[in-house]
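Just so we're aligned, residue 1 is where the sequence shown starts under our numbering, counting upward by one.
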Amino acid sequence: MSPIIVAIDGYSSCGKSTLAKALANKLSYAYIDSGAMYRCVTLYALQNGMIKDKNFLPEEIIPTLPYIHIRFQFNAHSKTSDTFLNDINVERNIRTLEVADFVSKVSAIKEVRSHMVALQRKMGKNKGIVMDGRDIGTNVFPKAELKLFMTADMDVRTQRRVDELNSKGMHVNYEEIKNNLLQRDYDDTHRKENPLTKAADAVVLDNSELNKEEQLDFVLKLMHDLMLDK
Ligand code: DC
């Protein structure tokens, strides 16, 4: 089968990136975490004093976009890609609650989105990628050969995010994480620019009760069926 684009969209902390990484490894495809790109813009805005007292002006962020260089580099140790912002590895810095608190608002800025979408399309021009996010199947790659829409129970999602942050040594409060997820779901589904919504041709994957292997098998079966259809 010639290389395809796999677009994975869904709510925050539904395990999109875990599945996307496993699939990319299995297929020897590149994995692109589009959320990390919006997190980089948010981190840059925080580091450069553009977010003050929980407020920011889009007019201050937009002109800095040409100075924000984002790339992904494969890490042989973790067997996945790390995110680099202006040549600094920010894989850890972009996962803080401080970034999470602002990222949905920053990613709602029209100019931020069009800049990121142009970069994402460039990264996918040769296909052979798995990209996860919120608008990949609906906007970035509307013609992606395989589209998934992931969802899971809110408490399962919260516990997964708590465990993930704890495993990285960041000790967090369950309710605080849950509120952040609820707020991000609301912001992501209600924004004007390309809100999170299921593409008509996306396959829904509710992984509340599925382990990682079961999810990977589910997608590999879909790919197999896709191949038979060709
Ligand atoms: O996938 P994530 O949680 O790292 O994404 C962080 C935020 O970025 C998320 O709250 C919404 C935004 N995002 C987006 O608007 N569009 C994407 N394609 C990916 C992420």
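Where a beta carbon is used, it is the ideal one built from N, C-alpha and C, also for glycine.
Residue i - containing alpha helix (DSSP H), residue span
| i | result |
| --- | --- |
| aspartate 155 | 154-167 |
| arginine 39 | 34-47 |
| leucine 220 | 212-229 |
| leucine 196 | Taken as a continuous stretch (DSSP letters only), leucine 196 belongs to no alpha helix (DSSP H), as it is neither H nor E. |
| lysine 178 | 174-190 |
| asparagine 25 | 16-27 |
| isoleucine 61 | 58-61 |
Local conformation of residue i per DSSP, three classes
| i | result |
| --- | --- |
| aspartate 53 | coil |
| isoleucine 5 | strand |
| glycine 137 | helix |
| methionine 131 | strand |
| methionine 150 | strand |
| isoleucine 109 | coil |
| asparagine 93 | helix |
| tyrosine 11 | coil |
| alanine 144 | coil |
| alanine 200 | coil |
Distance CB(residue i)-CB(residue j) smaller than 8 Å
| i | j | result |
| --- | --- | --- |
| phenylalanine 102 | threonine 42 | yes |
| histidine 94 | arginine 184 | The question names histidine, but residue 94 in the sequence shown is isoleucine. Result no, Cβ atoms of isoleucine 94 and arginine 184 do not sit closer than 8 Å. |
| isoleucine 32 | methionine 150 | no |
| glycine 15 | arginine 160 | yes |
| alanine 152 | aspartate 206 | yes |
| lysine 198 | valine 204 | yes |
| leucine 222 | leucine 146 | yes |
| histidine 115 | leucine 57 | no |
| alanine 202 | leucine 148 | yes |
Rounded C-alpha distance that separates residue i from residue j
| i | j | result |
| --- | --- | --- |
| glutamate 123 | isoleucine 88 | Checking the sequence, you will find methionine at residue 123 rather than glutamate. Going from the Cα of methionine 123 to the Cα of isoleucine 88 covers about 19 Å. |
| phenylalanine 72 | serine 78 | 13 Å |
| alanine 76 | asparagine 194 | 34 Å |
| valine 172 | alanine 7 | 30 Å |
| glutamine 120 | aspartate 53 | 31 Å |
| asparagine 139 | histidine 190 | 16 Å |
| serine 107 | arginine 113 | 6 Å |
| phenylalanine 74 | alanine 24 | 12 Å |
| phenylalanine 141 | arginine 134 | 11 Å |
| proline 3 | asparagine 55 | 43 Å |
| isoleucine 62 | valine 117 | 15 Å |
| serine 13 | asparagine 86 | 26 Å |
| methionine 170 | tyrosine 67 | 29 Å |
The beta strand (DSSP E) enclosing residue i, as first and last residue numbers
| i | result |
| --- | --- |
| phenylalanine 74 | 70-75 |
| threonine 83 | 80-85 |
| valine 319 | The requested residue 319 is not part of the displayed model; the chain covers only 1 to 230. |
| leucine 205 | 203-206 |
Neighbour-count burial assignment, residue i, 16 or more Cβ in a 10 Å radius
| i | result |
| --- | --- |
| valine 99 | buried |
| aspartate 188 | buried |
| valine 219 | buried |
| alanine 22 | buried |
| asparagine 166 | exposed |
| glycine 49 | exposed |
| alanine 20 | buried |
| serine 17 | buried |
| methionine 37 | buried |
| serine 28 | exposed |
Check: residue i C-beta below 7 Å from any heavy atom of the ligand COA
| i | result |
| --- | --- |
| aspartate 135 | The ligand COA is not among the ligands present in this structure, which contains only the ligand DC. |
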